[in-house]
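In the UniProt record's numbering, the protein residues as written are 1 to 333. For every residue, glycine included, the Cβ atom is placed at its ideal position computed from N, Cα and C.
What follows is the structure in structure tokens.
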């Protein structure tokens, strides 16, 4: 496989604890056909951050000026939020680079969308998804297909989805990061969008509290659909007395009156999709299945629906994009 494109790795958030994982990621991404270059500041350490604010901003500036078309975060963690006012968002958009990250990187994804309308990507990160000794086949395949413009339709199984047939701007990410942007200039103002959410190590009551914030801020009820990925790595207590994520989903449906679809293969999990934030997509359901029409250039109709031509997207490796292959994995911040 030759992708004829390269990846530039930066560390805009927390410090890299395992430099060997970055080297493994470089090796594994190169093996996938992406020429991969590591920014000279990717292993910097200042307190819990991958360098001072100035160092991390300088790395972003280098990423805009170098030649690789894809810029990927080594990891999430914490740290992008404090950089948002100092980033030249027009320069980021004008660079034409495709930015990919996850978790803390949600702040970057949404700020770029809010300030410029530009599309960026969420899902794969270097260390979590390509820095191990084994690379998840589905995560790698979906990332590669999306970057090459080959992923037209992502279909996944759902145990619990309201009926939907709509189009809208896809946006969202890690719930804690989405909620942290409410009331700031970096929160996109999306009406009629497709909002997707996941989180890690957040108790269901904390998830519900953040959803309550988005609801009372008037954000949830303006969307055409809400997609829920995986909420992982939390521990229930005896006083929860049956209160768990299904109860949160039930409360969400009753409160917001917007279609809610579960099972999105996205989150702090081993098998995940990479998704385009800020792109207009189609969503259609049938019993037990959700279809995301990510590339509608061949599917446009005058009625605005592009679902007549959707198809299963099978891999030679036996993976079918109808299925949610998500497995619980360790949170990577």
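Could you tell me the alpha carbon to alpha carbon distance between residue i and residue j, rounded to whole angstroms?
| i | j | result |
| --- | --- | --- |
| residue 311 | residue 153 | Here the model assigns residue 311 a pLDDT of 32, short of 50, so the residue's position is not dependable and the matter cannot be decided. |
| residue 211 | residue 181 | 13 Å |
| residue 209 | residue 203 | 10 Å |
| residue 9 | residue 15 | 13 Å |
| residue 216 | residue 257 | 13 Å |
| residue 268 | residue 200 | 6 Å |
| residue 413 | residue 260 | In the structure as shown, the chain starts at 1 and stops at 333, and residue 413 therefore has no counterpart that could be examined. |
| residue 341 | residue 192 | Shown here, the chain extends from 1 to 333; a query on residue 341 therefore has no answer. |
| residue 226 | residue 195 | 5 Å |
| residue 67 | residue 94 | 14 Å |
| residue 252 | residue 246 | 10 Å |
| residue 81 | residue 175 | 14 Å |
| residue 92 | residue 112 | 8 Å |
| residue 238 | residue 206 | 16 Å |
| residue 73 | residue 88 | 18 Å |
| residue 266 | residue 274 | 8 Å |
Can you tell me whether residue i sits near the ligand FAD, meaning its C-beta is under 7 Å from at least one heavy atom of the ligand?
| i | result |
| --- | --- |
| residue 61 | The model on display carries no ligand, and the ligand FAD is accordingly not part of it. |
Which residues does DSSP list as the beta-bridge partners of residue i?
| i | result |
| --- | --- |
| residue 280 | 169 |
| residue 154 | 292 |
| residue 27 | Paired residue(s): none; residue 27 is not in a bridge. |
| residue 285 | 290 |
| residue 5 | 34 |
| residue 14 | 49 |
| residue 161 | 261 |
Our contact map puts residue i next to residue j with C-beta atoms below 8 Å; I'd like the distance itself, whole angstroms only.
| i | j | result |
| --- | --- | --- |
| residue 264 | residue 156 | 7 Å |
| residue 213 | residue 179 | 5 Å |
| residue 118 | residue 278 | 6 Å |
Should residue i and residue j be called a contact, given that it needs their Cβ atoms to be closer than 8 Å?
| i | j | result |
| --- | --- | --- |
| residue 121 | residue 100 | yes |
| residue 151 | residue 138 | no |
| residue 147 | residue 98 | yes |
| residue 224 | residue 168 | yes |
| residue 96 | residue 13 | no |
| residue 41 | residue 55 | yes |
| residue 85 | residue 6 | no |
| residue 284 | residue 186 | no |
| residue 161 | residue 22 | no |
| residue 228 | residue 255 | no |
At which residue ranges does the UniProt domain "LD-carboxypeptidase C-terminal" (167-281) contain complete beta strand (DSSP E) runs of 3 or more residues, listed in the order of the chain?
194-200, 225-232, 260-262 and 275-277
Which parts of the stretch 120-150 are runs of the alpha helix (DSSP H), unbroken and 4 residues or longer, counting only runs that do not cross its ends?
126-130 and 137-147
Report the residue ranges of all alpha helix (DSSP H) runs contained in full by the stretch 57-121; include only those spanning at least 4 residues, in chain order.
Fully enclosed alpha helix (DSSP H) runs of 4 or longer: 89-94 and 106-116.
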